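First up is the structure itself, then whatever we jot down about it.
There are 2 protein chains.
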Amino acid sequence: MKELVSRCPIEEVMQLLGGRWPSLLIYYLSDGTKRFSDLQRDNPTISHKMLTLELRKLEDAGIVRRTDFDGYPRRVEYGLTEDGERLVPLIDALGDWWGSMVAAPADATVVAAD
Amino acid sequence: MKELVSRCPIEEVMQLLGGRWPSLLIYYLSDGTKRFSDLQRDNPTISHKMLTLELRKLEDAGIVRRTDFDGYPRRVEYGLTEDGERLVPLIDALGDWWGSMVAAPADATVVAAD
DNA sequence: CTGTATCCATCCCGATACTG
DNA sequence: CAGTATCGGGATGGATACAG
Numbered sequence: 001m002k003e004l005v006s007r008c009p010i011e012e013v014m015q016l017l018g019g020r021w022p023s024l025l026i027y028y029l030s031d032g033t034k035r036f037s038d039l040q041r042d043n044p045t046i047s048h049k050m051l052t053l054e055l056r057k058l059e060d061a062g063i064v065r066r067t068d069f070d071g072y073p074r075r076v077e078y079g080l081t082e083d084g085e086r087l088v089p090l091i092d093a094l095g096d097w098w099g100s101m102v103a104a105p106a107d108a109t110v111v112a113a114d
Numbered sequence: 001m002k003e004l005v006s007r008c009p010i011e012e013v014m015q016l017l018g019g020r021w022p023s024l025l026i027y028y029l030s031d032g033t034k035r036f037s038d039l040q041r042d043n044p045t046i047s048h049k050m051l052t053l054e055l056r057k058l059e060d061a062g063i064v065r066r067t068d069f070d071g072y073p074r075r076v077e078y079g080l081t082e083d084g085e086r087l088v089p090l091i092d093a094l095g096d097w098w099g100s101m102v103a104a105p106a107d108a109t110v111v112a113a114d
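Chain order of the listed sequences is A and B. Sequential numbering from 1 applies to the first sequence in the UniProt record's numbering. Sequential numbering from 1 applies to the second sequence in the UniProt record's numbering.
This is how it looks when you write it as structure tokens:
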């Protein structure tokens, strides 16, 4: 079943950003334009293949802009679109939320188990 | 995890919320406390097994609180913790962002269907 | 009703090799 | 340098059966 018409936009956006890499790549790109090999250096553990696929996915979603200067050797640059930039603070907010979680463990939030 | 801890909290929080179901379950639970079978009805396409696993994951993360009234038949209720509640608007913001994306495509190519 | 365990198909992803 | 294609192992998740 490939047809998933999400009723909830949340479901869709999580499909896009949910994996391990998308948000990380966005994070690194928020720093400025980078080349393919720069991103490889930033993320030493991502495979060549996955970097390509993730970038393509983000590009298709309109989050990442790809610029191909085809000379030799080839040179391609990746950067965030405006939509991508707008996404950064939202992702950041999730990070802050997570930070507040680990700072104050869930134990303390349990209220009077009667 | 097997490897080093993520430098970026984003990476961690996405590992948690990234899949198809977590955010949806949180959405449904933001509505109020629900039983296992209620959630099954809300999400007709999730399998029994995955519902259990996802709920357990969210519970372990301190997002969901599980209350087991063990009578007969058994009855278990799920609800959001305070941390979970605080997460809702953040997820919502992502949904809004996504909504603004589809509303105004970055690339106006396909719009004109003459 | 809720939860656990098992089996098994599927898919994701890394490694590798090749192209321009 | 950047991208594509292919293969195979391992993780992921559905179906099912069973337990409390």
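From the three backbone atoms N, C-alpha and C, an ideal C-beta is built for every residue, glycine too. Every value quoted in this text rests on a predicted model; they were computed, and no experiment measured them.
Query: Measure the CB-CB distance between M14 (chain B) and R20 (chain A) and report whether it falls below 8 Å.; Result: yes
Query: Which of helix, strand or coil does DSSP assign to Y72 (chain A)?; Result: coil
Query: Cβ atoms of V64 (chain A) and L29 (chain A): under 8 Å apart, would you say?; Result: yes
Query: Verify whether the separation of the beta carbon atoms of T33 (chain A) and G62 (chain A) is less than 8 Å.; Result: no
Query: Does the distance from the C-beta atom of A104 (chain B) to that of A93 (chain A) stay below 8 Å?; Result: no
Query: Hey, out of B:W98, B:W97, B:V76, whose CA is closest to L55 (chain B)'s CA?; Result: B:V76
Query: Evaluate P22 (chain A) with the Cβ neighbour count: other Cβ atoms within 10 Å of its Cβ, from every protein chain shown; 16 or more gives buried, anything less gives exposed.; Result: buried
Query: Quick check on this structure: which residue in A:D96, A:R41, A:E12 has the alpha carbon closest to the alpha carbon of D83 (chain B)?; Result: A:D96
Query: With 8 Å as the threshold, decide whether the Cβ of R41 (chain A) is near any Cβ in chain B.; Result: no
Query: Give the range of the alpha helix (DSSP H) segment to which G99 (chain A) is assigned.; Result: 82–103
Query: If you run the structure through DSSP and keep just helix, strand and coil, what is R65 (chain A)?; Result: strand
Query: Can you have a look at Y72 (chain B) and say buried or exposed, based on whether 16 or more other CB atoms are within 10 angstroms of its CB?; Result: exposed
Query: What residues are listed by DSSP as bridge partners for E77 (chain A)?; Result: A:R35, A:T67
Query: Taking V13 (chain A) as the query, report the chain B residues whose CB atoms sit under 8 Å from its CB, ordered along the chain.; Result: L94, G95, W97, W98
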